[in-house]
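J.:
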Amino acid sequence: MPPEPPRTDDLRAIRLDQFIPHPPAKVWRALTEPELVARWLMPNDFKAEVGHRFTFTTTPKKQVGFDGIVHCEVLRIEPEKLLKISWSDGGRADWTVTWRLEPEGRGTRLFLDHEGFDPADEIQQLSRRIMGGGWPRHFGVIAGIAAEF
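Numbering (the working numbering), first residue to last: 3 to 151.
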């Protein structure tokens, strides 16, 4: 079952959650092992260490002035429970992305909060709509990766 569509009334954030039919340890691996993250999100040099600065690389999106490089830093980690990173396009936007994992039955309720969008900035709102449509697709891929272990 796909995640609930993102709420559109919150112009500052994207908030999603979905049940993943795998325990938190497996979902955590999909969220924190760089080669697995590359499969569902983007190539990266991520390390699950608070303070580690890393980048994601992808196709540039000229309509929002995005050069294809996301600059990030690991802000908080609680193994198998929470991963919070900064997410910056190098100039126009500075956001946070938080993944929370909560055990639910034999699986995991996975929450995503992508926060910090400026309601008055048309480009940031376009970015919010683009990412709000993109993030939900990743939940199924994460579940598929977690099923491999």
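C-beta: ideal position from N, C-alpha, C; glycine also.
At what residue ranges does the stretch 27-103 contain a whole run of the beta strand (DSSP E), taking only runs of 3 or more?
T.: List check, beta strand (DSSP E) in window: 55-59, 71-80 and 84-90.
J.: CA-CA distance, G93 and R55?
T.: Counting from one through the sequence shown, the residue named residue 93 turns up at place 91. Counting from one through the sequence shown, the residue named residue 55 turns up at place 53. Between G93 and R55, the C-alpha separation is close to 16 Å.
J.: Below 8 Å, how does it come out for the stretch 35-46 and the stretch 11-27: are there three or more Cβ pairs, yes or no?
T.: At 8 Å Cβ cutoff, the stretches do not touch.
J.: Quick one: give me the first and last residue of the alpha helix (DSSP H) that E124 is part of.
T.: Indexing the sequence shown from 1 puts residue 124 at position 122. Unbroken alpha helix (DSSP H) run through E124: E124 to A148.
J.: Keeping to the same chain, check which residues put their C-beta closer than 6 Å to that of E6; ignore five residues upstream and five downstream.
T.: Counting from 1 along the sequence shown, the entry for residue 6 is found at position 4. For E6, the pLDDT reaches just 49, beneath the cut-off of 50, and the residue's location in the model is therefore unreliable, leaving the point undetermined.
J.: Looking at the structure shown, is H116 part of a helix, part of a strand, or coil, going by DSSP?
T.: The residue labelled residue 116 in the question sits at position 114 within the sequence shown. Here H116 sits in strand by DSSP.
J.: Tell me, please, whether the stretch 49-63 touches the stretch 71-78 by the rule of three or more beta-carbon pairs shorter than 8 Å.
T.: Short answer: they touch.
J.: State the start and end residues of the unbroken beta strand (DSSP E) segment that holds D19.
T.: What you label residue 19 is simply residue 17 of the sequence shown in a count that begins at 1. Per DSSP, D19 belongs to the beta strand (DSSP E) from A15 to I22.
J.: What are the residues that DSSP puts in a beta bridge with R111?
T.: Here residue 111 refers to the residue found at position 109 when the sequence shown is read from its first residue. Bridge partners of R111: F21 and E104.
J.: With the cut-off set at 7 Å, would you say K86 and L77 are in Cβ contact?
T.: For this step, residue 86 is matched to residue 84 along the sequence shown. For this step, residue 77 is matched to residue 75 along the sequence shown. Contact flag set, yes.
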